[in-house]
Structures are given as structure tokens and as C-alpha cells.
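Asker:
In this note's numbering, the protein residues as written are 1058 to 1646.
1. How long is the line joining the alpha carbons of residue 1138 and residue 1159, rounded to whole angstroms?
2. Compute the Euclidean distance between the alpha carbons of residue 1000 and residue 1569, then round it to the nearest angstrom.
3. Below 8 Å CB to CB, which residues in the same chain sit around residue 1212 once its five sequence neighbours on both sides are set aside?
4. Alpha carbon to alpha carbon, how far is residue 1373 from residue 1636? Give it in angstroms, no decimals.
5. In this structure, does DSSP put residue 1517 in helix, strand or coil?
6. Can you check DSSP and say which residues form a bridge with residue 1377?
7. Assuming the contact rule is C-beta atoms closer than 8 Å, residue 1363 and residue 1215 should be a hit. Round their C-beta distance to whole Å, please.
8. Specify the secondary structure class of residue 1532 as computed by DSSP and reduced to three states.
9. For the beta strand (DSSP E) holding residue 1435, just list the boundary residues, first then last.
10. How many angstroms separate the CA atom of residue 1526 from the CA atom of residue 1073?
11. Should the stretch 1335-1343 be regarded as contacting the stretch 1142-1156, the criterion being three or more beta carbon pairs within less than 8 Å?
12. With three or more beta-carbon pairs closer than 8 Å as the criterion, would you say the stretch 1253-1260 touches the stretch 1277-1291?
13. Along the chain, where does the alpha helix (DSSP H) that runs through residue 1300 open and close?
14. What residue range does the alpha helix (DSSP H) around residue 1267 cover?
15. Which first and last residues belong to the beta strand (DSSP E) in which residue 1480 is found?
16. Could you give the residue range of the alpha helix (DSSP H) that holds residue 1331?
17. What are the uninterrupted segments assigned as beta strand (DSSP E) that are 3 or more residues long and contained completely in the stretch 1226-1272, given in chain order?
18. Does the count of Cβ pairs from the stretch 1377-1390 and the stretch 1354-1361 closer than 8 Å reach three?
19. Contact check, residue 1043 vs residue 1088 under 8 Å by CB: the rounded distance?
20. What separation, rounded to the nearest whole angstrom, lies between the Cα atoms of residue 1225 and residue 1333?
21. With the cut-off set at 8 Å, would you say residue 1428 and residue 1437 are in Cβ contact?
22. Between the stretch 1249-1256 and the stretch 1289-1297, do three or more beta carbon pairs fall short of 8 Å?
23. Go through its chain and collect everything with a Cβ distance to residue 1504's Cβ below 8 Å, but skip five positions before and after it.
24. Closer than 7 Å by C-beta to residue 1376: which residues in its own chain qualify, once you throw out the five before and the five after it? Chain order, please.
25. Fully enclosed by the stretch 1545-1573, which beta strand (DSSP E) runs are 3 residues long or longer?
26. How many Å lie between residue 1408 and residue 1441 at the Cα?
27. Starting from residue 1393, trace the alpha helix (DSSP H) in both directions and tell me its first and last residue.
28. Just the Cα atoms here: how many angstroms apart are residue 1335 and residue 1270?
29. Suppose you measure from the CA of residue 1207 to the CA of residue 1391; what does that come to, to the nearest Å?
30. Among 1091, 1200, 1640, whose alpha-carbon lies nearest the alpha-carbon of residue 1237?
31. Rounded to a whole number of angstroms, what is the C-alpha to C-alpha distance between residue 1523 and residue 1480?
32. To which residues of the same chain is residue 1534 closer than 6 Å at the C-beta, ignoring the five residues directly before and after it?
33. Leaving out five residues on either side along the sequence, give the residues of the same chain with a beta carbon under 8 Å from the beta carbon of residue 1284.
34. Whose C-beta lies closer than 6 Å to the C-beta of residue 1432 among residues of the same chain, with five residues either side of it excluded?
35. So what's residue 1371 in DSSP terms, helix, strand or just coil?
36. Taking the straight line between their C-alpha atoms, what separation do you get for residue 1542 and residue 1628?
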């Protein structure tokens, strides 16, 4: 951070010097023009000026005393000031060159020290060999299936943090391959396979990333069994299961609570394991893909960054906010007009060099802007995860820089769209985008078409506040929790939006003080309409007085919350209010 701040200060100093040079050149031009005007007898050197200049020199003749007009004196002072500024500019330019030299030397020393520290953090994948061998041995004994583990490329080095987090994911995959993939000895012999199953684990370095493959020679994924289990869990209807693609069914095995095991054991059947694998890879800013063939086995491939501590990123701007994208995920960039965007199969995209690329409009994807806010020209970055390419559209590209990555915690840790955060030299915090979450892998990132879950029913909340920052922050929090939101600037706009909707929202969250119609007036209007009698009303306001609270409760407001309100409390109160209102409605019905 300090190095980044130092470089930013040098860059600011460089810009100021450039500005000084421009102004100095302008002063020279003015000085020259003034001198030329004086020599040619331009206005300003007329009789009055001459009288003023000669009054004190009347007793001298022209040979004894040089006579100067006021214009002469101004021109001379300006010429002297220009000369002084030129000398100062030359000095500053010399200092700038020295600063650049020192900055380059500092970057070199810092980079060397950083490389040394990174080497100290690196450990080979072979450090997990005995642990993985033991996992295979124990699982093989418990299932009665003889299995052999072959490992290659284990000398490949990772950041110690990556290896520590990767170990449980590899163990889960090994147990899963033995329990679900490798067939019993009799079945393998009948299929013409060796009695002993084979699992291969390989790793290879690819630039700043490492590719890891874990494959077995088992039966492969049973898509029919996966589809039947999804119907039993009521995640898919029978019709949806019949028409579901392999990508959709593959994604199901990574969902929490999903298992095709007939019974619960120490190894499987609890619906945990594969979801841990996916979340681990996402937390490590990696990409996961699955390839399977009936009777031939299954291969899990994931690409991970070598280090989690430092990365080179591109700083982008979208919706008025800054974000960072790892440069390892970007192949190239260009500018494109908004008119070049088109839609195919309900998805925005752009055609480049005869190739159709799906597009991710960053501002709209993050809920920071709408279609009405689109710029005339986009900064388009080509993002590739090794399997397919995507056009990421941002308002502009600011710069490329090397940053220290900090992991996210708390509620932010649940946002898989971000891989971490970094602090720029000016102290501002920038979220780092997770390339694998940009809808690159349809099997793991795209939303399931019509996934029915009673326990995770999607809620809709109307946010009414005249502060755009409050609306955006609350909307972002609720969307991260899986809820839909829509927004209004005051009570009158809220009523207009509600009148256009086919059904009322799950809850309404409002401020008190707003233009045109305040929160009290809005609450009274809503409670006076039968269709909104059972809709929970929550007030989120900076007014902490008991008088304000009592008035809100008298008008039928369910909860009165004071800003700043903890995020977990806000979510809990919303859930409680919605559940209570639904419970009373069911009891009355």
C-alpha cells in the first residue's frame, strides 16, 4: 500500500510538472508578444504613457537617461519572471528524473524482496501425498473396493495457503470417486476392467496458474439417477428432469444437501462434500469443470492461482464504483459502441471477428446501474476461463497495477462474485471480481432453470428512501441474501410502482423523511388499502426518538429500525416479519 501511495504521489508530481511546463510556454509566448508590441509602438505606449515616463527624467537628455514606458517595465518584469520560472522548471525536471530513478530502484528492491517472501510461502503438492494416500487406503477398506492412487506433477509448488485449503477438497473428491465412481470388483471384472480401480491425480504449472486433474476409471456419472433424485427432492419436476441438460445435472451434484447414496454412512449420504469442493475452489479464485463418460469414468479439473497474496489486476469503473479484475483472466481489451450489443436466446452479447460472445454488463450485473444508464461506448475486456470466452463490459478501464489481495469475511465472504479486496494507495477499498463467477461455466455458474426449493423461497422487497447510497447498499445486501428488490425515491413513487405490479411485495422497507410523501404518509396510505394489509412494513431511519417510534407503530409499522442498523439484524427482522405475517394470514384463512 505504501509503495502504491508513493507511486501515486510521483505520478501526481509528474502531472503538476507537465502543467507547469505548459504554463511556462504560455508565459513565454505572452512575453514575446508584449515585447514585439512595445517595439512596434503598440497601444499602451502612447502620449499619456510617454508623459508619465518622462516626467521624472525631464532634466536628462536621451543620451543621459533611458526612458521607459509602463509597458516597458511590465514586459521586462515578465521576461525576468519567465527566466526565473524556466530555471525552476529545469530544477524540478532534474528532481523528477531522480525520483523516477529512485522509484525504479525501490520497485526493483521491493519486487526482489516480495519474490523471496513468496518463495518462502511456496510448498510442493507432494506435501499432501501421504495424507491423500491414507484417505484412499481408509476409504478403499471401508467400501471393500481395491483402489490404486497414481500421482504425477506433485513437485508443482503452491502458496501454502492454497495447499492448506485445497487438501479437504481433494479428500472429498477421492472419497466420492471411490464410493460413487469406482465399481465393485465383480462389476469391474464383468465390464472387462481390472479388479483394482485406478485414480489419477496430476498437476501442471500454466503461467500464474496450476491445473489439477483428478480422474477415475469408474462408471462415470449416472445422469438418470441424478435426475430421479432431483425429482424426489422436489428440486426439479419430472418434465424438467427429463429435458434437463447434462450441464444442469452436473451442477446439481454440487448443491448442498444433494446425494444419490441409498443410505447414510461415514463416507457419503449426508449431502455434504461436493458443495465444499465447489466453495473451496471459488474461495481460492479457481475454476472447476467436470467431464464424464458412461463406463469410462469422471475427471474433475480445476485451475487455481499459484499465489493468493499478490496479483496483477486491471482497475475498472462500473456504475460509479471501482472494481479489479485479475489480469490472468483477461486476454485482450477494446472499445465497443453500445449499438453493437445484441440479444440471442435472451442473453446480451456482441459479435467480434465473426464470433458471438455472451456479454456481462458489469454495472447491471452488480445492480449498480440499469439499461437506461448505459454509456455510448463500453470498455470491453475479453475474459477466458480456459473453456469459453466472455465479453466483460465496463464504463472504463482506469489502470493496471500489482495489488495485495485481502480475503473477504463476514457477509461479504458469501458473495462468490468477488474473490477478495485490495487497498489502493489513496486508501480506497476495491473489490476484486471472481472471473469464475462471471457466468463462464454453465454447469457451475448459470442459474438453474426453475429450481424449486420450498425452504429458499425467493422474496421481493420494496426499498423506499430518498438517499441513493442507502437504496444501493440495502439492495445489494438483500440481493446477496437471495432476495429480489425494487426501489423508489419517495412515498409517491412507491405507490406508483406498487400500482403497476401484479402482486404486492413480500415486505416494504422505508425511511421517514422523504420529499413529496414521507414514510408516515406512505404507511397510512398502505394500511388503508386491503391488498397491503398483510404486507410487513419496516422503517429504517436516523430518527431514534421514542415519539417517532410510537407514531410509526400506531400507523401499523411492524418494525422500527434506527440507522446505522447491523446487516444481520436487518435481515433477521425482515425474515421474522415476513414469517409472522404469513403465519397470521394462514391462521386467519
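C-beta atoms are modelled at their ideal positions from N, C-alpha and C, and glycine is treated no differently.
Answerer: Quick answer:
1. 31 Å
2. Here the chain comprises residues numbered 1058 to 1646, so residue 1000 is not present and cannot be evaluated.
3. 1181, 1182, 1183
4. Taking the CA atoms as reference points, residue 1636 sits about 40 Å from residue 1373.
5. Assigned with DSSP and collapsed to three states, residue 1517 falls in strand.
6. According to DSSP, residue 1377 bridges with nothing at all.
7. 6 Å
8. helix
9. 1434-1441
10. 33 Å
11. The stretch 1335-1343 vs the stretch 1142-1156: no contact.
12. no
13. 1295-1300
14. It is not in any alpha helix (DSSP H) - residue 1267 instead sits in the beta strand (DSSP E) that spans 1266-1273.
15. 1475-1480
16. 1331-1340
17. 1254-1263
18. no
19. As shown, the chain starts at 1058 and ends at 1646. That puts residue 1043 outside it, with no answer to give.
20. 8 Å
21. no
22. no
23. Reliability fails at residue 1504, whose pLDDT of 38 lies under 50, so the model's placement of it is uncertain and the value that follows must be treated cautiously. Closer than 8 Å at Cβ, skipping near neighbours: no residue.
24. 1420, 1423, 1425, 1426
25. Listed in chain order, the complete beta strand (DSSP E) runs (minimum 3 residues) inside the stretch 1545-1573 are 1564-1567.
26. 16 Å
27. Unbroken run through residue 1393 is the beta strand (DSSP E), 1387-1394; no alpha helix (DSSP H).
28. 15 Å
29. Rounded to whole angstroms, residue 1207 to residue 1391 spans 45 Å at the Cα level.
30. Nearest option by C-alpha distance: 1200.
31. Those two C-alpha atoms are separated by around 30 Å.
32. So the list reads 1624, once near-sequence residues are dropped.
33. Only 1293, 1298, 1299, 1301, 1306 meet the Cβ criterion.
34. 1452
35. strand
36. 13 Å
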